[in-house]
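A short worksheet on the structure shown next.
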Amino acid sequence: MRLNFQNRPGSSMNQSVVVSKAKKTITYYITTSSNQTTAILFDCKNGYVCYKLSGHSNCYLKRMNAQDQDAAQASFNLSKHKVSACNSLA
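Using full-length UniProt numbering, read the sequence shown as starting at 1 and increasing by one per residue.
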């Protein structure tokens, strides 16, 4: 899953990532300067991606594909406590 965020020149955007080795999850939060937040959850244990776009009331759920698994694995590799969590989903 790929989401592209564009911010206007001069505007700020806060991005944070929470990696849970125990739960095998990665949660991304992207908050704009207007205080709207997009959340993306990678559930490597069950093989799903859930996301809620800022300004929308719906959440979307989809099965992880190879790109999703690669993106999640990259986050695990960059985290302080490295873990191989998504390789078993293939």
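The beta carbon of each residue, even a glycine, is placed where N, CA and C say it ideally should be.
{"Query": "If you compare alpha carbons, which of 26, 57 and 14 is closest to residue 46?", "Result": "26"}
{"Query": "In chain order, what residues of the same chain lie with their CB nearer than 6 Å to the CB of residue 43, ignoring the 5 residues before and after it?", "Result": "25"}
{"Query": "To the nearest whole angstrom, what separates the beta carbons of residue 33 and residue 64, a pair I think is in contact under 8 Å?", "Result": "Wrong, their Cβ atoms sit about 31 Å apart, outside the cutoff."}
{"Query": "To test your reading of the DSSP string, which unbroken alpha helix (DSSP H) runs of 4 or more residues are found completely within the stretch 44-69?", "Result": "none"}
{"Query": "In this structure, what does DSSP give as the bridge partners for residue 41?", "Result": "27 and 50"}
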